[in-house]
Amino acid sequence: MTTDDPLVSTEWLAAHLGDANVKVLDATFKLPGVLPLPKDDYLAAHLPGAVFFDVDAVSDHANPLPHMFPSAEQFGRDIGALGVSNADTVVIYDAGGWVAAPRAWWMFLSYGHRNVRILNGGLKKWRAEGRAVESGEVKPKPATFTASYDPKRVRSIEQMIANVQSRAEQVIDARAADRFEGRAPEPRPGIRAGHIPGARNVPYNQLFDAATGEMKPLDELRKSFTGAGVKLDAPIVTSCGSGVSAGVLTLALYRIGVTDTALYDGSWSEWGQASGPPIATGPA
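Just add 2 to wherever you are in the sequence shown, counting from 1, and you've got my numbering.
This is the structure we're talking about:
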């Protein structure tokens, strides 16, 4: 892969599915309580040879917050167990609702693996084109994956609190407008409604075509951000409910040339806790 675009087409993947060094991961994810479980969806139908990437499993289990970034050692161990080595091209997809594939892509970049792509349109587009799927679990042959963590790609709550004062980085929230503005309850119990003071709102589902599952053209992506008051030439941190759909914003920004953003890992599931920092409500 020589292109800088993180996306690959269904045509490209269909042509390279048999390559020994192309490893396909299904990173389908859903909010708590939504059934069937992502793993059950995977077992029912997945791309040929795809291994399940569990966002909740590849995380820091000592942290009570949902699916926080693990140590580099754990990431390397977990990814090696999925049959992926440092020499492989990784192609990640999800069900086509653009939730967790970008999160997994950003994790690979954050742990030093640059040869990682996302299937544009995911399983939705793949199936709409009549391409083959498999059922059951793929048991990969374990590989060795060495990870090195790049902290510049991720933000902590301490950094985010300091940023409310300094406004050095723009914060863009990927949640739906009614959650961002505090008009709708959060899906996780005990979490306050609202947003980080000073944040902008670009709901992640505005960035892809729900009918086809494909990400929107670059000029439309650009307009989604500039229309929300985002300055594309100034530092950006993406945020969301729990650090997953924020990756959709990160991916869209990357595609329009803004590649040096960071992701707030704890996101609203951390900031919105009852004992958390001050919040804002209403439009941005």
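C-beta atoms are modelled at their ideal positions from N, C-alpha and C, and glycine is treated no differently.
| Item | Value |
| --- | --- |
| D7, DSSP secondary structure in three states | coil |
| Check whether H115 and G245 have beta carbons under 9 Å apart | no |
| N- and C-terminal bounds of the beta strand (DSSP E) containing K25 | 24-28 |
| Cutoff 6 Å; reference G249; Cβ partners in own chain excluding five residues on either side | P104, R105, W108 |
| Start-to-end residues for the alpha helix (DSSP H) that takes in Q76 | 74-83 |
| Cutoff 7 Å; reference A276; Cβ partners in own chain excluding five residues on either side | G192, R194 |
| Nearest neighbour of R129, chosen from V140, L33, A97 [CA to CA] | A97 |
| Euclidean distance between Cα positions of G124 and L255 | 19 Å |
| A179 - containing beta strand (DSSP E), residue span | That residue, A179, is in no beta strand (DSSP E); its alpha helix (DSSP H) goes 179-182. |
| Spatial neighbours of Y151 in its chain, beta-carbon cut-off 7 Å, leaving aside the 5 residues before and after | A74, S112, Y113 |
| CB-CB length for D56 against P72, believed under 8 Å | Not quite, the Cβ-Cβ distance comes to about 12 Å (not below 8 Å), so this is no contact. |
| Pairwise C-alpha distance: V93 and P279 | 38 Å |
| Rounded C-alpha distance that separates P66 from E160 | 17 Å |
| Residues bridged to R194 [DSSP beta-bridge criterion] | Answer by DSSP bridge pairing: none, since R194 is not bridged. |
| Identity of the residue in L33, T148, V135, N117 nearest I81 by Cα | T148 |
| Environment of G243 [buried if 16+ CB atoms lie within 10 Å] | buried |
| Under the three-state DSSP convention, the category Y266 falls into | strand |
| Contact between the stretch 258-268 and the stretch 235-242 (3+ Cβ pairs under 8 Å) | yes |
| Proximal residues to P285 (C-beta, below 7 Å), its chain only, five neighbours per side dropped | E183 |
| Of the listed residues P38, L27, F227, nearest to D90 (C-alpha basis) | L27 |
| Simplified DSSP assignment, three categories, for Y44 | helix |
| C-alpha distance - M3 paired with N117, whole-angstrom precision | Note on M3: pLDDT 44, under 50, position unreliable in the model; the coordinate value appears next. If I take the Cα positions, the gap works out to 8 Å. |
| Residue range of the beta strand (DSSP E) that includes D175 | 172-175 |
| Exposure of N165, with buried meaning 16 or more beta-carbon neighbours within 10 Å | buried |
| A46 versus E216 - alpha carbon distance | 22 Å |
| Beta-bridge partners of L157, as assigned by DSSP | For the sequence presented, residue 157 should be read as Arg rather than Leu. Beta-bridge pairing links R157 to Y266. |
| Proximity to Y44 [Cα-Cα], best of V140, E222, R185 | V140 |
| Anticipated Cβ contact below 8 Å, K233 with Q172, distance rounded | 7 Å |
| Cross-strand partners of A248 (DSSP beta bridge) | Paired residues: none, contrary to the question. |
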